[in-house]
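Please read the structure below before turning to the comments.
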Amino acid sequence: MKKLILIAAILCHILPANAQWQWINPMPPETHYKSVAHVTEQTYVTMGESLILKTQDGGRSWMQTAHPSVTNLNKVLFLNTETGFVVGDDGLLLKSSDGGNSWQEMNTGTESTFWDIFFVNEQLGFIAANGGRVFKTTDGGENWSLQEVPDVWQHLRLIKFFDENTGYVASMHGLFAKTTNGGEDWEVIEEELSFYYINDMHLIDAQTILLASYGGIFKSSDGGVNWEEKLAPDDEEMANFSFVSETTGYVLGHLSRIYKTVDGGESWTNTNLLPDYFLCHLSSCEKAIAFENENHGILVGFENITQLDMQSNTYNSHTQSITTHDIKGAVFINDTTIVAVGNNSLLARSNTNGRTWTVQTFNPPGQYEGVHFIDENTGFAVGNSYSEENWGHRIVKTDDGGNSWRSVLFSTSEESNNFRERLRGIHFPNANTGYAVGSGGVIYKTTNGGEDWVSKESGVSVQLNSVFFTDANTGYACGSSGTIVQTKNGGDTWTIANTPTTDGMFAISFINNSIGFAAVRGWGMVKTINAGENWIWISLPGSPNRIMRDMVFISEQVGYLAGSDYMFTTHDGGESWELNPLPGSPSISGLAARNGNTVVAVGFNGTILRKYTGPEETPLDEDDDQEPPTSIEFLNRDVNTFRVYPNPFDNHIIIKGRFEHSSTVTVYIYDIHGRLIYQTEHNTFGEETFYINTQSISNGIYLLRLTNNQNTQNFKIIKNK
Numbered sequence: 001m002k003k004l005i006l007i008a009a010i011l012c013h014i015l016p017a018n019a020q021w022q023w024i025n026p027m028p029p030e031t032h033y034k035s036v037a038h039v040t041e042q043t044y045v046t047m048g049e050s051l052i053l054k055t056q057d058g059g060r061s062w063m064q065t066a067h068p069s070v071t072n073l074n075k076v077l078f079l080n081t082e083t084g085f086v087v088g089d090d091g092l093l094l095k096s097s098d099g100g101n102s103w104q105e106m107n108t109g110t111e112s113t114f115w116d117i118f119f120v121n122e123q124l125g126f127i128a129a130n131g132g133r134v135f136k137t138t139d140g141g142e143n144w145s146l147q148e149v150p151d152v153w154q155h156l157r158l159i160k161f162f163d164e165n166t167g168y169v170a171s172m173h174g175l176f177a178k179t180t181n182g183g184e185d186w187e188v189i190e191e192e193l194s195f196y197y198i199n200d201m202h203l204i205d206a207q208t209i210l211l212a213s214y215g216g217i218f219k220s221s222d223g224g225v226n227w228e229e230k231l232a233p234d235d236e237e238m239a240n241f242s243f244v245s246e247t248t249g250y251v252l253g254h255l256s257r258i259y260k261t262v263d264g265g266e267s268w269t270n271t272n273l274l275p276d277y278f279l280c281h282l283s284s285c286e287k288a289i290a291f292e293n294e295n296h297g298i299l300v301g302f303e304n305i306t307q308l309d310m311q312s313n314t315y316n317s318h319t320q321s322i323t324t325h326d327i328k329g330a331v332f333i334n335d336t337t338i339v340a341v342g343n344n345s346l347l348a349r350s351n352t353n354g355r356t357w358t359v360q361t362f363n364p365p366g367q368y369e370g371v372h373f374i375d376e377n378t379g380f381a382v383g384n385s386y387s388e389e390n391w392g393h394r395i396v397k398t399d400d401g402g403n404s405w406r407s408v409l410f411s412t413s414e415e416s417n418n419f420r421e422r423l424r425g426i427h428f429p430n431a432n433t434g435y436a437v438g439s440g441g442v443i444y445k446t447t448n449g450g451e452d453w454v455s456k457e458s459g460v461s462v463q464l465n466s467v468f469f470t471d472a473n474t475g476y477a478c479g480s481s482g483t484i485v486q487t488k489n490g491g492d493t494w495t496i497a498n499t500p501t502t503d504g505m506f507a508i509s510f511i512n513n514s515i516g517f518a519a520v521r522g523w524g525m526v527k528t529i530n531a532g533e534n535w536i537w538i539s540l541p542g543s544p545n546r547i548m549r550d551m552v553f554i555s556e557q558v559g560y561l562a563g564s565d566y567m568f569t570t571h572d573g574g575e576s577w578e579l580n581p582l583p584g585s586p587s588i589s590g591l592a593a594r595n596g597n598t599v600v601a602v603g604f605n606g607t608i609l610r611k612y613t614g615p616e617e618t619p620l621d622e623d624d625d626q627e628p629p630t631s632i633e634f635l636n637r638d639v640n641t642f643r644v645y646p647n648p649f650d651n652h653i654i655i656k657g658r659f660e661h662s663s664t665v666t667v668y669i670y671d672i673h674g675r676l677i678y679q680t681e682h683n684t685f686g687e688e689t690f691y692i693n694t695q696s697i698s699n700g701i702y703l704l705r706l707t708n709n710q711n712t713q714n715f716k717i718i719k720n721k
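Start counting the sequence shown at 1; every next residue gets the next number (the UniProt record's numbering).
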């Protein structure tokens, strides 16, 4: 049986023991890439949101490289095959001496935001910064001196030098200045060019300059005194140059159009390669290009990296991923094995301490939110599932370490007959006794190892998200509206605690019998030091605009708290918390830890990250399936078939399909007269579940047609509201 494998062996070899979080899935991560540099041949380095990636095969595969900072990154530059620099916020300067495999933070002596960097040679370099500041080094970046542009307070976004003496700086809002003595003095040539919003600059010689701006492309042949319009699309802002010779280059527009020049910028031709708004997101179309030669280059932007082949006029994005479904929870079942669960019946497993993963599917299928193991063989997952035309709370059990699962609870009611209503948390204080909580304030209890479950009255009707027991009798559950309920008699009765917030709580955990924490939606947490008698508010550093979704403690002193974009760590038992932005800004929903040296974070869109602080790991061998990912084969499933239910239907239709290859499925609904009344498309790979809202469809008989690039299936469906 072939399963999809995602390999992170190269990351584990490169990243040091105390490094940042490693991206495991997907690769490259879906983040906002802002800059890319060509290093040599098919080698490129790109960066965005504190993440640096490198490719050595022209963009077909990428690896994360090690660097010591989590500061926002703005620009990458390579001088040669070995030496490169990255600049960012708060005076951040990173230097690589090994082609971008690793990075060292350099001391710049300032907290100014760095926007651009340029080196004339390996020793002489310049940085453009906030507030009219220019920084200069004459020793390869070891030391920097400040050179201000006089009477200028604008942020200098661009800096380029032709030689050791002649250079130019520009601000986004049209300021343009020149130096002829290596930055010792600067002359402001124009305080505000008419074609402001300058995004990039390219020097052809000491006097000939190209600017990419909101108004198009402008060229000066006299050092910036006079400018001539060379390209002025009606609806597109020019963003980024990449030249491969003195005369041949490309410019990228914000709408993703790529224009080419073969005469040094005198004329430009639209290559018509990409669709408009490619790699854009909402109002943001910030992106960048770099070319290795006239025919091949890389485009980076929002959530994607794309290979460009100008010779064949094609483009291609390569992503290695075990899944794009949301992963909701994960747990270590022994020192090296991790099981994770999620939406669309997702079941993921790692036998290599989080370095490699396989994916298969749950049977029974469902939307799974939480997972808990008593030992390495016996475990449980909770969520919801569909059976006999009803949604219901579902608990499944495994007796063989997660290889096979069976249902031990399916409970439906008027409140739970909705695919959004589900069980969300599960915990066992011992091998026999366990608890599961979920929507509607439900609490289930088992006393025989999860074979049978009974409902317990919680006293609340809000959604409960997490449950934790400190011993056989004392337990806590948290949920919506600042709710915490607790029991002192093994779950027979529950009381509502007073908490200092009305925000939702997503996770609860205790480090001993007295001290516990609950993660709160509004950028904070509540804490008790007296076994839940009182709860106090704990503010977290940073702005209160993120959702905290899970926490895990690897000891009474060291813990992790995660949510949208950020990770918090404590090394003093929760007395204080340190903010650590995550590379790539992922949205985390679950954490798992083992033995104090490995923490795994899982989240939305198939996100898996890993932090390892133990001894150096040995490379994975052939038995670890290091083949590149090719396809997914699900257990006991025929491929390329569809299932449509319920039928008759009411306000929604559920469509399930199993696909061996990535494809686009189109859904058509026709009335009895053959008129098309509904159409939508879904990108598919593996096992997929679609939910079609049919509230606007009248009662009657319809034909539902599903097509992909391999087959077509028709279904007679009946709307009977």
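Even glycine gets a Cβ: it sits at the ideal position worked out from N, Cα and C.
Check                                                                                                                           : Outcome
Assigned exposure category for N708 - 16 Cβ within 10 Å defines buried                                                          : buried
Cβ-based neighbour list, G59, same chain, cut-off 7 Å, excluding 5 preceding and 5 following                                    : Y44, I298, I305, Q307 and H318
F604, DSSP secondary structure in three states                                                                                  : helix
Distance, I511 Cα to N313 Cα                                                                                                    : 58 Å
First through last residue of the beta strand (DSSP E) which encompasses W523                                                   : Where W523 is concerned, there is no enclosing beta strand (DSSP E), given that its DSSP letter is neither H nor E.
Which listed residue (L51, G440 and N351) has its alpha carbon closest to that of S455                                          : G440
Burial state of N403, where buried means 16 or more other Cβ atoms lie within 10 Å                                              : exposed
CB-CB length for W391 against E369, believed under 8 Å                                                                          : Contact doesn't hold; Cβ gap of about 14 Å is too wide.
Y368, enclosing beta strand (DSSP E) - first and last residue                                                                   : Q367 to F373
Under the three-state DSSP convention, the category S345 falls into                                                             : coil
Rounded C-alpha distance that separates E627 from G383                                                                          : Because E627 carries a pLDDT of 33, less than 50, the predicted location of this residue cannot be relied on, and the following value inherits that uncertainty. In a straight line, the C-alpha of E627 is about 33 Å away from that of G383.
Own chain partners of E236 with C-beta closer than 7 Å, once the 5 adjacent residues on each side are dropped                   : G253, H254, L255 and R257
Where V639 sits in the DSSP three-state scheme                                                                                  : Any answer about V639 is weak, because its pLDDT of 36 lies below 50 and its placement is not dependable; what the coordinates show is given next. V639 falls in the coil class under three-state DSSP.
Whole-angstrom distance between L210 and A177, CA atom to CA atom                                                               : 14 Å
DSSP-derived helix/strand/coil call for S385                                                                                    : strand
For P581: DSSP bridge partner residues                                                                                          : Y566
Exposure label - W537; buried when at least 16 CB within 10 Å                                                                   : exposed
Under 7 Å between C-beta atoms of I508 and S480                                                                                 : no
The stretch 90 to 102 contacting the stretch 71 to 78, beta-carbon criterion three pairs below 8 Å                              : yes
Contacts around E148, its chain only, beta-carbon distance under 6 Å, and the 5 residues preceding and following it disregarded : G132 and R133
DSSP beta-bridge partners of K136                                                                                               : F126 and S145
D116, buried or exposed, once every other Cβ within 10 Å from all chains shown has been counted against 16                      : buried
Neighbourhood of M310 by C-beta distance below 6 Å, restricted to the same chain and skipping five residues each side           : N295
8 Å contact criterion, which I426 and H372 should meet: CB distance rounded                                                     : 5 Å
Pair within 7 Å by beta-carbon distance, T46 and V262                                                                           : no
Extent of the continuous beta strand (DSSP E) run through R675                                                                  : First-last for R675: undefined, no H or E at that position.
Complete beta strand (DSSP E) runs within the stretch 88 to 119 (minimum length 3 residues, chain order)                        : 93 to 96 and 114 to 119
Alpha carbon of Y444 to alpha carbon of A477, nearest angstrom                                                                  : 12 Å
Whether T474 touches I484 by CB criterion (7 Å)                                                                                 : no
Three-way DSSP call (helix, strand, coil) for G482 in this model                                                                : helix
7 Å Cβ cutoff met for M238 and I198                                                                                             : no
Of the listed residues E111, P68 and N121, nearest to N80 (C-alpha basis)                                                       : N121
Distance CB(K488)-CB(E286) smaller than 7 Å                                                                                     : no
Cutoff 6 Å; reference F195; Cβ partners in own chain excluding five residues on either side                                     : S213, G215 and F218
Three-state secondary structure assigned by DSSP to S439                                                                        : helix
Proximity to P29 [Cα-Cα], best of I697, Q486 and F604                                                                           : F604
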